[in-house]
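Residue numbers (the working numbering): 1 to 388.
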């Protein structure tokens with residue numbers, strides 16, 4: 001059965017789902033972003049295997065092994081992929097006039113919960129010993145922040161209409177001043193020294209305002225390919241350069257040599273430059289590809305399927321311990337890339353099945369829950385507004 005047939009069977013045609021109409025440039029970039037995230041998470045599994053069974057040196061330690069240096073670089077891919085997704089979302093939310101969809105948020109939370117509980121049940125059935133802590137975290141995945149990006153995105157989505165109102169009331173000078181201050185504090189000082197109460201949600205807010213300024217006042221500047229490719233080379237060169245330099249110095253100075261991974265951070269300004277440049281490059285690619293749009297639309301599910309709590313703490317580290325004991329880590333970079341390719345493909349296939357089956361049920365449940373919650377919420381709001 002083809003993809004088109006599945007969409008039709010779900011109650012509509014391709015155009016009704018916005019699949020054929022969407023430009024595929026940004027959608028292709030989102031797929032690339034998800035692949036980068038998967039590679040970074042697989043690298044994290046190598047680290048976890050080393051931590052659990054002492055089968056690899058720390059990725060935070062200076063090394064003369066070129067493969068481990070490459071694995072260090074893979075750590076940046078997660079932050080870069082997250083930036084790509086956030087910029088893509090912020091671009092369409094900024095100044096869009098769209099209202100927040102509470103129903104969409106509730107459905108996302110429900111889908112995350114269903115997948116998390118399905119994993120919990122699967123591991124229990126397979127006879128895996130699950131700690132009480134992991135069982136509780138699996139049962140409350142969003143509240144307990146099992147996937148921090150999902151929780152952060154939900155928080156951003158909850159407040160974006162209010163951010164848009166603030167941005168609309170700001171002059172160009174005010175918005176630029178805010179961005180300069182935010183960039184200096186959270187992509188400058190906080191990159192060197194984690195300070196000013198930096199966290200992922202604050203970075204999301206700062207990036208949202210940053211993208212709002214670019215979208216409103218710098219479209220002409222980013223229209224040229226030369227600017228974007230220059231920023232891409234600058235960001236990539238600086239990211240590689242700072243890693244190689246830190247590793248080189250770390251071989252001579254012990255303290256620095258045990259903090260090589262310090263620059264893998266959402267506060268890394270060079271990764272932000274890369275993400276902005278890539279977004280502008282792919283945004284200008286005007287083509288429509290149905291398959292690309294469909295795979296891109298599975299990104300949320302690919303994320304929560306491949307990076308489930310039990311998947312990342314139990315299954316994936318064991319895979320690399322098995323690889324270590326059977327064949328060794330002589331070709332560890334190839335093992336990471338190969339496993340990441342399989343993991344992405346398998347997660348995408350599972351995500352497609354989930355979206356075509358279980359997600360349909362979760363949408364119906366969401367509709368019923370939402371219908372019950374709204375009257376109660378409205379009643380409490382009316383009571384609260386009467387308090388003077």
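Cβ atoms here follow ideal geometry from the backbone N, Cα and C, with glycine treated the same way.
Continuous alpha helix (DSSP H) stretch holding residue i: start and end
| i | result |
| --- | --- |
| residue 269 | 269–283 |
| residue 184 | 172–184 |
| residue 359 | 358–385 |
| residue 149 | 148–168 |
| residue 79 | 66–93 |
| residue 41 | 24–53 |
C-beta atoms of residue i and residue j nearer than 8 Å
| i | j | result |
| --- | --- | --- |
| residue 381 | residue 67 | no |
| residue 251 | residue 201 | no |
| residue 148 | residue 321 | no |
| residue 279 | residue 238 | no |
| residue 187 | residue 272 | yes |
| residue 81 | residue 261 | no |
| residue 185 | residue 213 | no |
| residue 22 | residue 293 | yes |
| residue 63 | residue 199 | no |
| residue 391 | residue 37 | Residue 391 cannot be examined here, being either before or after the span of the chain that is shown, 1 to 388. |
| residue 197 | residue 24 | no |
| residue 131 | residue 142 | no |
| residue 267 | residue 190 | yes |
| residue 172 | residue 217 | yes |
| residue 28 | residue 282 | yes |
| residue 42 | residue 340 | yes |
| residue 243 | residue 105 | no |
| residue 456 | residue 108 | Any property of residue 456 remains undetermined from this structure, which presents the chain solely from 1 to 388. |
| residue 45 | residue 319 | yes |
For residue i, three-class secondary structure by DSSP
| i | result |
| --- | --- |
| residue 254 | helix |
| residue 194 | coil |
| residue 14 | No answer about residue 14 holds up, because its pLDDT of 43 lies below 50 and its placement is not dependable. |
| residue 218 | coil |
| residue 100 | coil |
| residue 143 | coil |
| residue 208 | helix |
| residue 127 | coil |
| residue 5 | At residue 5, the pLDDT of 43 sits below 50, so the modelled position is not reliable and the matter cannot be decided from this model. |
| residue 118 | helix |
| residue 235 | helix |
| residue 223 | helix |
| residue 230 | helix |
| residue 56 | coil |
| residue 105 | helix |
| residue 138 | helix |
| residue 62 | coil |
| residue 264 | coil |
| residue 199 | coil |
Test: residue i CB closer than 8 Å to a CB of chain D
| i | result |
| --- | --- |
| residue 290 | Here chain D cannot be found, since the structure has a single protein chain. |
Requested in this report: Please confirm if the stretch 112–126 is in contact with the stretch 91–101, defined as three or more CB-CB distances below 8 Å between the two stretches.
Outcome: no
Query raised in the report: Within the chosen definition, does the stretch 350–362 reach the stretch 96–115 through at least 3 CB pairs nearer than 8 Å?
Result: yes
**Report entry** Contiguous alpha helix (DSSP H) assignments of at least 4 residues, all confined to the stretch 280–366
**Finding:** List check, alpha helix (DSSP H) in window: 290–297, 299–306, 316–326 and 332–356.
Query raised in the report: So does the stretch 219–234 actually touch the stretch 263–277, counting three or more Cβ pairs closer than 8 Å?
Result: yes
Report task. Determine contact between the stretch 36–55 and the stretch 122–137, defined as no fewer than three beta-carbon pairs at a distance below 8 Å. Result -> no
Query raised in the report: Just checking, does the stretch 240–260 make contact with the stretch 295–307 on the three C-beta pairs under 8 Å criterion?
Result: Three or more Cβ pairs closer than 8 Å define a contact, and the stretch 240–260 falls short of that threshold against the stretch 295–307.
Query - Given 8 Å, three or more beta-carbon pairs between the stretch 302–317 and the stretch 156–164 - result: No: the two stretches stay apart, fewer than three of their Cβ pairs being nearer than 8 Å.
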